[in-house]
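Data block below; observations after.
Numbering (the working numbering), first residue to last: 5 to 330.
As structure tokens, then:
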């Protein structure tokens, strides 16, 4: 049993647990909680539990059985927690993160309009009411901090780490992005989350560190929370709501948004190149730059991921069909 198979198996098991809990929630297991309360329970169970504690413990147990005396150090290295990008790189990482939020918002709007044309109607959930600052702080923790920490641990740490260098350098980026998108099991999110997963995966590949992906994920979700807060209160990032309302809601704005999207995509590409040069030079100086080496992959190593893909894809398709016939 290879380490790759074990990692993929743990990932698939985590996705199975999430799917089971998702079904339980749809059957009303959290119906007695407030909106914030149900969000908190979901985040603790799914984010902290199924995407953090469970995969970590299972992999530690595997490493201990493999007679690895430094299991946590091994995990830190394999999941890329053992290195930080160079100081200069963080300027580019910050800009990439800001650009990513703009591109994701544009793609989300376009995708939602496309599926709406064919009759998809999303389920309407009760919104969170920001009646005090404590609710905002809690929402930032539940929506921005926890997902950035634990979704990246599972997708860019566990899944990406298991599959890097398997066939070609970008294989792990594409695969982890696909798993990240299907993990949400929501047809309205599947397109832009895949795109966002490509960006965070590319950050890991370029910097050889998981922290930029975590930061980018946090920025994207933090902006989303502040926009929701601004929409209700007129504070926060409500100016972004007005700007996107023009860019994505009018013909003239759509033309401007298209031009900006192309420009931002080009600038992001340049920023990735600059970051890559800085990080490569840093690794060369430290003697850590090594040539890419292909690994032989047994066919069964990917079997758990095929299961996870099938499971989450079926749930996503089910939500889409329900939305169309709703």
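Beta carbons: idealized from backbone N, C-alpha and C, even for Gly.
Since we're looking at a predicted model, the values are computed, not measured.
Endpoints, alpha helix (DSSP H) assigned at residue i
i, result
"residue 305", "First-last for residue 305: undefined, no H or E at that position."
"residue 242", "242-253"
"residue 209", "194-211"
"residue 58", "58-69"
Three-state secondary structure (DSSP) of residue i
i, result
"residue 31", "coil"
"residue 85", "coil"
"residue 125", "coil"
"residue 188", "coil"
"residue 216", "helix"
"residue 37", "coil"
"residue 4", "In the structure as shown, the chain starts at 5 and stops at 330, and residue 4 therefore has no counterpart that could be examined."
"residue 221", "helix"
"residue 16", "helix"
"residue 296", "Residue placement at residue 296 cannot be trusted, given a pLDDT of 43 that sits under 50; the coordinates are not used to answer."
"residue 4", "Absent from the model: residue 4. The displayed extent of the chain is 5 to 330, so no value can be given."
"residue 90", "coil"
"residue 230", "helix"
"residue 6", "coil"
"residue 72", "coil"
"residue 239", "coil"
"residue 290", "coil"
"residue 278", "helix"
"residue 130", "coil"
Check: residue i C-beta below 7 Å from any heavy atom of the ligand FAD
i, result
"residue 91", "In the structure on display, the ligand FAD does not appear, and there are no ligands present to speak of."
Same chain only: Cβ atoms within 8 Å of residue i, ignoring 5 sequence neighbours per side
i, result
"residue 68", "75"
"residue 49", "25"
"residue 139", "40, 132, 133"
"residue 295", "Only weak support is given to the placement of residue 295: the predicted model assigns it a pLDDT of 45, under 50, and the value that follows is read from those uncertain coordinates. Within the same chain, residue 295 has no close Cβ partners at all."
"residue 157", "55, 56, 59, 60, 83, 214"
Contacts around residue i, its chain only, beta-carbon distance under 7 Å, and the 5 residues preceding and following it disregarded
i, result
"residue 197", "184, 185, 188"
"residue 109", "248"
Contacts around residue i, its chain only, beta-carbon distance under 6 Å, and the 5 residues preceding and following it disregarded
i, result
"residue 21", "54"
"residue 9", "305"
"residue 282", "90, 92, 93"
"residue 244", "231"
"residue 112", "196"
"residue 97", "216"
"residue 179", "167"
"residue 119", "none"
"residue 298", "Here the model assigns residue 298 a pLDDT of 47, short of 50, so the residue's position is not dependable and the matter cannot be decided."
"residue 103", "268, 272"
"residue 127", "none"
Query raised in the report: In the region 133-178, which residue ranges form an unbroken alpha helix (DSSP H) of at least 4 residues, counting only runs that do not cross its ends?
Result: Within the region 133-178, the complete alpha helix (DSSP H) runs of at least 4 residues are 137-144, 164-167.
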